[in-house]
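Everything below concerns the one structure shown next.
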Amino acid sequence: HRNNSAIRLETHGKVILLDFGASWQGKLKFVNPDYIWISHAHPDHALGLQGEKTKIPVFMSINTVSITFD
Numbered sequence: 001h002r003n004n005s006a007i008r009l010e011t012h013g014k015v016i017l018l019d020f021g022a023s024w025q026g027k028l029k030f031v032n033p034d035y036i037w038i039s040h041a042h043p044d045h046a047l048g049l050q051g052e053k054t055k056i057p058v059f060m061s062i063n064t065v066s067i068t069f070d
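In full-length UniProt numbering, the protein residues as written are 1 to 70.
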């Protein structure tokens, strides 16, 4: 489905969120990850983070940052 990319991985007591598509916007508190990794700048993988205020570490390439959040 479009805009729905989000995978929650749990390993060694930590939760990693892989991508956070636009349809997930406003729902980060329900996933409660320790880390977020955005694979690339397509809306269905990254736009769920727009407008989120969080102290959760987010990992992505510099190109993804500039395309997604500029």
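In this text, a Cβ means the ideal position worked out from N, Cα and C, and glycines have one as well. For clarity, every value in this text was computed on a predicted model and none was experimentally measured.
Counting every other CB atom within 10 Å of its CB across the protein chains shown gives F20 a total of 16 or more, marking it as buried. A6 and E52 have their C-alpha atoms some 15 angstroms from each other. With distances taken between CA atoms, V58 lies nearest to P33 out of P33, E10, P43 and D44. With distances taken between CA atoms, G13 lies nearest to Y35 out of N63, S39, Y35 and H40. Distance from S39 to L18 at the Cβ level is roughly 7 angstroms; contact confirmed, criterion being Cβ atoms closer than 8 angstroms.
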